[in-house]
Amino acid sequence: MNHRLSTEQQRAVQHTYGALLVSAGPGAGKTRVLTERIRRLLKEESGNFQILALTFTNKAANEMIERLKDIPDINERAFIGTLHSFCTDVLARRGKPVGIDGLPQIFSNPYDRTSILTMAINDDSYLLHELKETGDTEKQKKTIDIWLQRIIHYKSSLRGLSEIDDKIDRRIFEGYQSALCASGAVDFEDLLFLTYQLFDERPKIADFYRRLYRFICIDEAQDLNLAQYQVIRALCGDEYNNIMMVGDKKQSIYGFNTADPKFMDDFIKDYNATVIELHENFRCSRSVVARAKMLDDTYLAGVDNIPVSGVVELFACKDEDEEAQHVIQKVIGLCNTGHPDVEGSIRLESCAVLGRTRYTLLKIEEKLGEKNLPYYKQLKSDYEFESDLLVEFELCLRLLVNPKDRIHLDELRKKWGIGQKMVENKAVLGTQVISYLVSNTTDKKANVILEAVESLNISNDIVRMPKALGILEKYGGGLDDEDDKRAILEDTKVFNGEWDRFLRSQRARENDLASFMTHRALGTMQQPRQEGLALLTVHSSKGLEFDVVFIVGMSDGTFPDYRAKDAKAKEEERRNAFVAVTRSRRLLYLSYPQLKEMPWGKKKTQAPSLFLKDMGLLPPGPCP
Amino acid sequence: MSAVTNSGICVKEVRIRNFRSLKSIDVSLSRLTLLIGPNNSGKTSFLEALFAAMGAGKRNLNSDDIYIASEESKPPYERSILIDVLIRPTDDSGNVCDSFPQGSYWLNLWGGGIAQDDKDNDFMAFRTRLTWKQEKGEYNVDRQFLKQWLSDSSNIEAIVTTDGISAKQIEPMALHLLNARRDIDEDMRHQGSYWRRITNDLGLSEEDTKKFEGMLNAINEGIVGNSEVLKHLKSTLGNLDSVISGEKNSIELSPVARRLRDLTKGIDIHFATKGAQPFPLIRHGMGTRSMASVLVFRAFMQWRTLRAKDDDSLHPMLALEEPEAHLHPQGQRALYNQIRQIPGQVIISTHSPYVAAHTDCADLRSFQKNASETSVTGIDVSGIKEEDLKKMKWKVLNTHGDMLFASALVLFEGETEEQQFPVYAKRYWNRDHNELGISFIGVGGAGGYLPFLRLVKGLGLNWYIFSDAEQDALNKMSAALKDKYIDINDYTKCPNVITLTHGQDIEAYLIEGYTDAIEAVLNHCNKSNNYIADYINDMTGKKGKGGKKRDYKSDHDGGKERALSDILKEGKTKYADAIAHEIVSLVDESRRIPRRIRDLFDQMAKDIGVAEHSEEKMV
């Protein structure tokens, strides 16, 4: 992207003081405007100041850092990261008034939260009774999920205990919070909740950050939820308004996460923000933009000036098997021959297959496996280990950095077949608890893990992670079972990579284990990009772009999702489609299976998605 | 130009653990802080510890610096050196304020390293630490920001550190150390000295440089061309090119440097004292050279502060050892004003009462060493009235600056004691009191104790009171001791407070025991055979103190004593010293030092560890 900035882009870049909202469609150069403005401010504005740049994902943060890395001391002049990372940093330094002393340990995994809630329920006979009332084990499981969602909902609406009226809700909320606290941990919502509380109750602390950061920039503003918006408001106080938000209401697809594009409107009102709209699409081909406009008639991007024509095609396939086959053949074909609308050759990495949910991608994944084609799936913020060895090793690391962590102690205990009684009232301290557990288990891996844990040498400044991983790797390499061997070797490789990125991202002296675990939970060590074909859900494709995009499962009930019933949810489905379509730079291939195998085995006829009709793609072409 | 431009910060406090003799000291700093105390009390160690934390130059700490208790042969591995420095933001007038303003250079420099206290006020604190690293098998130094600054400093080891602080984050407030050995002559010759740093770039334009270098060339050629001997030398040296291949005519003689940058290396200072020829500074005495070195530093710092870019800030920090070195008293008096003009924060260690005399009481830090450990005290001036502070400064420091350096201080009401005690002390210890570090100070009447007491108490000096026993005098002294900064409710329980008895003042006490000696002195001084009888005859009926008619005759027993008392009080300066000398020469050894004064000396001998030298031991 070497082309010059457009007049409107230039206006946004030149904006200095006061609130600004940049409303920018796909391919409008949102990230570029953000980074160029930061670059300009750091270069041209006089005086001593720093910039706070908040992104929605770690990936976006890494990309921004990458683009600004030529600015000397960029790390000292700007904090670039997710809002959650920023909150973690604030709490680690200033969290004492809200009960956080030092780096918070984060339970980010849904499984951890379920365990916490289950623990809370087991400690409260009233809740236990209520839970049993709901029915059998399956039903109870569901209830726990619902309860958990309610807790999350309260927290992300910044509602504390005093603002909850429902009796059960009060008890689950209270029980969950105290169990979390007893485990010495916080969850993602707490990061925002506690930071909000801190800024709200101690305005001089918020004031410190206002003095430190002369400018605040916020990416993906349409994905803000109430808690996030309130944290920003509390941070900014009544006077400060040097905030720039960049967002696109059309790409708001995180409603399930209580995100709401209305906060963009609130922002304009609350801060009297100047609005700059960037309509032009500098990313997609003419065909793609034209179809996107048909999907959303308020999308104002110009079409006629786009030089590359590009392709948008739809195929109806017999079933998912055929659909998968078709996609893979098309990918292989394009890689072999290239395409006149794509400069240079097409590689697997230039292509992505998108699905509304991860289930729609299962068939493709299976076929790719058969053909031995490299692919990668959405990188979740924390990579989940495949091998028991690494899973258990990671549990040990958690116990090392957070001795109060009963949840993971329980998990490890169960995995090693040790009775509850054995660990009750045991002081949990450092490697001692692990060697105690090891001495009480018959699990053969346990000794290897203990050896690895001890070799970390965590009481000293230098944590010897590579050495510990080396021990695990050596053990894995000696196994006869090929699957176990592969899983362990893969996991240790990933773990090594994470440790390496952690060391690079931090100043060397901060290489302590607790900090590593926190950053791991925050996902800041996310692998920037992987190799092979991308298999992504629409949500995880957000902010990405590919020369060639396939959208599979474009049938009614799948996309739009059958659960989207009310008008609001339906609108969000449409925005999902809009996001999916605009991921394509040049070529876009949509498809759907006419027959779909349902989870219970029956095959069901599929009608094409109404979005296909809106895009003028019906009737479909035959599946080649 | 005001020398004290405000930098936006000040170093408020330094806490040191296990550095040489500084096992555990907390020292708060003012804009200009004076460290006083005897030799070897730890003043230099303090400055060097601070230099190790934030010095301009190589900041060294090693295992030799670790505190060792007297019974230890080497420090245990778990003992670490900690040097904690607290920095607070200041407003435009240099007073500590709550927060760094937006746009502050320091806020930007330290960023997340800045912490907030319980009241959410900003501070920056960092720790320099030397610890034993088991895995490396060696000592390691690191510097990190501190998250807290506890008002109770008894357990600072527990404070959590956050990120590391970089050299870049220390440099703008780096401490410059001018030690007692400084010498402008050395400075001028040493690469990297303040002199060289300031004279390296003369700030001349390219054009000017060319012009002056052209003139230098002309001067060189002129000198060589007119000097027969140089011409001869040049032609002989010209033979070099026949042996070593070189350009023709490659020999040039340069009686003066041809390039400006070479010339700056030889910049000389000429200084003329009154009525004398100016001559180079290096030929002046050490006092002048040492002082010149301080002034060059001042110029350097002022220059750097002036030249700092708009957005940059600089907090000059200077540690100056014994600025009075080699200077005569008059020079020492003038010195303080020169030092005050050094920008930024200055810490001075001094033995000069003249320098100390100018300081504010609040700026004094007294270093004392007990066994292998140093303790530091200062005067808490909070709550002391402005006028009392002034009193302390003018009454005490200006007239008795030397008391700050005493190992024991004896306070009493007046002149008689002031004249006599040194005489008795010399008899008692057989050494001059100054040699023992003992100061005798008359406070100017019983109402005058308080400012002295506050000062000696605040500075942790060893003090004694020798008081008259009139009820009024005792009441006043007792009231002073009850002051909340002294906090002594019952002086009779204090071994360091010695009083006379039976309502006597010092004259009455001496008259009671030494009428013979006094009469001998009176007769001798007045060349009379019986001065006391003459006095009674002459003075009876005349107006005495308070306009009362004197009557030395009516009272059969007491008339003579009253007359003696009046004589002594009227003629303190005339007789006191002579009487003391008379007393110490009495034939009866046991009477040579009055009893109560001996009591005082016995107590002091015990405290300062210098026993009485008996006559027998005298050579």
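Keeping their order, the protein sequence lines are chains L and G. The opening residue of the first sequence carries number 906 in our numbering; numbering runs sequentially from there. The opening residue of the second sequence carries number 4 in our numbering; numbering runs sequentially from there. Glycine included, C-beta positions come from ideal geometry on N, C-alpha and C. Everything numeric in this text was worked out from a predicted model, so none of it was measured.
Residue interval of the beta strand (DSSP E) (run including residue i)
| i | result |
| --- | --- |
| L:G1152 | 1148-1152 |
| G:P332 | Segment 332-343 is the alpha helix (DSSP H) holding G:P332; no beta strand (DSSP E) there. |
| G:H179 | 178-181 |
| L:F1187 | Per DSSP, L:F1187 belongs to no beta strand (DSSP E) and is neither H nor E. |
| L:L1493 | 1489-1502 |
| L:E1218 | 1216-1224 |
| G:C13 | 12-22 |
Neighbouring residues, chain L, relative to residue i (Cβ below 7 Å)
| i | result |
| --- | --- |
| G:Y108 | N953 |
| G:E174 | None at all; the shortest Cβ gap to chain L is about 14 Å. |
| G:N111 | N953, F954, Q955 |
Alpha-carbon to alpha-carbon, residue j and residue i
| i | j | result |
| --- | --- | --- |
| L:F1187 | L:G934 | 7 Å |
| L:R1600 | G:F148 | No information on residue 1600 of chain L is available, as it lies outside the stretch 906 to 1529 that chain L covers here. |
| G:I570 | G:E420 | 16 Å |
| G:F49 | G:L38 | 9 Å |
| L:D1071 | L:I1121 | 38 Å |
| L:H920 | L:R942 | 8 Å |
| L:D1386 | L:K1282 | 25 Å |
| L:A997 | G:T164 | 11 Å |
| G:L317 | G:S10 | 6 Å |
| G:I226 | G:F303 | 35 Å |
| L:S1286 | L:L1449 | Because the pLDDT of L:S1286 is 48, which lies under 50, any placement of that residue in the model is unreliable, and the number read from its coordinates should be weighed accordingly. C-alpha separation (whole angstroms): 16 Å. |
| G:F660 | G:N43 | There is no way to answer for residue 660 of chain G, as the model of chain G reaches only from 4 to 622. |
| L:F1400 | L:N1277 | 24 Å |
| G:F604 | G:A428 | 7 Å |
| L:A1426 | L:I1011 | 6 Å |
| G:L525 | G:S481 | 35 Å |
| L:P1015 | L:I1057 | 11 Å |
| L:V1358 | L:P1371 | 11 Å |
| L:G1065 | L:G1007 | 23 Å |
Which listed residue (the options) has its alpha carbon closest to that of residue i
| i | options | result |
| --- | --- | --- |
| G:H180 | G:L323, G:F126, G:A511, G:K268 | According to the sequence as given, residue 180 of chain G is Leu; it is not His. Comparing Cα positions, the closest option is G:L323. |
| G:Q348 | G:N340, G:T362, G:L321 | G:L321 |
| G:T291 | G:A337, G:L243, G:A221, G:I596 | G:A337 |
| L:G1335 | L:R1488, L:L1305, L:Q1156 | L:L1305 |
| G:Y452 | G:D383, G:Q341, G:V500 | G:V500 |
| L:V1484 | L:D1201, L:I1354, L:F1407 | L:D1201 |
| G:P175 | G:W109, G:I71, G:D541, G:R599 | G:W109 |
| G:Y467 | G:V413, G:E209, G:L207 | G:V413 |
| L:L1455 | L:V1296, L:M1430, L:T1265, L:V1328 | Checking the displayed sequence, the identity of residue 1455 of chain L turns out to be Phe instead of Leu. Of the listed residues, the one whose Cα sits closest to L:F1455 is L:T1265. |
| L:V1193 | L:M969, L:E1403, L:S1489 | L:S1489 |
| L:T960 | L:D1471, L:M969, L:I1173, L:N1177 | L:M969 |
Within chain G, partners of residue i - CB distance below 8 Å
| i | result |
| --- | --- |
| L:D994 | G115 |
| L:E981 | G114 |
| L:I998 | Per the sequence presented here, residue 998 of chain L reads as Arg, with Ile not at that position. In chain order: G115, A118, K150, T165. |
Local Cβ density within 10 Å of residue i, reported as buried at 16 or more and exposed below that
| i | result |
| --- | --- |
| L:T1463 | buried |
| L:V918 | buried |
| L:I1323 | buried |
| L:T912 | exposed |
| L:A1413 | Because L:A1413 sits at a pLDDT of 44, beneath the cut-off of 50, its placement in the model cannot be relied upon, and the following sentence gives the value as read from the coordinates. So L:A1413 ends up on the exposed side. |
| G:G195 | exposed |
| L:E1248 | exposed |
| G:A520 | buried |
First through last residue of the alpha helix (DSSP H) which encompasses residue i
| i | result |
| --- | --- |
| G:V384 | Segment: none, G:V384 is in no alpha helix (DSSP H) and carries neither H nor E. |
| L:A1111 | 1108-1117 |
Per-residue contacts from residue i into chain L (C-beta, under 8 Å)
| i | result |
| --- | --- |
| G:F103 | R1116 |
Neighbouring residues, chain L, relative to residue i (Cβ below 9 Å)
| i | result |
| --- | --- |
| G:D87 | Residues of chain L passing the Cβ test: none, with the nearest at roughly 18 Å. |
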